[in-house]
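This report refers to the structure that appears directly beneath it.
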Amino acid sequence: MIYNEQKQELGKIAADMRHMSYIPYSHYAVGAALLTKSGKIYTGCNIENAAFPVTICAERTAIFKAISEGEKDFAAIAIATEDGLGYPCGSCRQVMSEFSSNMEVMLADADGNITVETNINELLPGAFTADKLLTR
Ligand code: THU
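Sequential numbering from 51 applies to the sequence shown in our numbering.
Rendered as structure tokens:
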């Protein structure tokens with residue numbers, strides 16, 4: 051559960067992060083702002099590569115930055131695209147579900163306005179999770 055002000059702040063930061071995107075191929079800018087349960091915000095943008103599959107999404111950039119700093123519990127992520135309807139791809143949903151089964155996911159538009167509020171359970175029902183492996 052996060053406050054409305056925090057949601058709006060995340061939306062604005064995600065929208066600002068679109069300016070950092072490295073997108074010479076798609077020209078599709080995505081920004082992300084990830085709020086940890088400890089109250090820190092990690093940012094991300096999409097980073098493309100001439101070898102297309104090497105491209106990394108904005109959401110995973112933010113999540114991997116946070117993980118590499120020792121953070122693993124996430125409260126929410128805002129994802130900003132031009133039209134505010136840039137849903138996270140399947141790989142990003144899987145990575146989100148690895149770390150936070152109940153994290154809130156917000157979409158935002160280019161001005162940072164929140165357009166959609168959902169959560170990872172709704173976006174990836176029946177996710178494949180660590181408990182399948184750790185009980186063996
Ligand atoms: N992209 C993201 O950053 N996040 C997603 O969840 C979907 C796709 C980026 C990757 C690539 O740079 C561009 O959008 C087009 O696929």
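Here a beta-carbon is modelled for each residue, glycine too, at the ideal position from N, C-alpha and C.
Quick caveat: nothing in here was measured; it's all calculated off a predicted structure.
| query | result |
| --- | --- |
| VAL80 vs ALA101 beta-carbon contact at 8 Å | no |
| Near ligand 2: PRO74 beta-carbon under 7 Å from a heavy atom | Among the ligands in the structure shown, ligand 2 does not appear; only ligand 1 can be found there. |
| Pairwise C-alpha distance: TYR137 and ASN54 | 20 Å |
| CB of ALA159 within 8 Å of CB of THR165, strictly | At residue 159 the sequence reads Asp, which differs from the Ala that was named. In this structure, THR165 lies closer than 8 Å to ASP159 by Cβ. |
| Neighbour-count burial assignment, THR179, 16 or more Cβ in a 10 Å radius | exposed |
| Start-to-end residues for the beta strand (DSSP E) that takes in CYS95 | 91-95 |
| C-alpha distance - ASP66 paired with ILE91, whole-angstrom precision | 13 Å |
| Environment of LYS62 [buried if 16+ CB atoms lie within 10 Å] | buried |
| C-alpha distance - SER151 paired with LEU184, whole-angstrom precision | 16 Å |
| Cβ neighbour criterion (16 or more within 10 Å) applied to MET51 | exposed |
| Proximity test, VAL29 beta-carbon vs ligand 1 heavy atom, cut-off 7 Å | The first residue shown for the chain is 51 and the last is 186, placing residue 29 beyond what the model contains. |
| N-terminal and C-terminal residue of the beta strand (DSSP E) that MET156 is part of | 154-158 |
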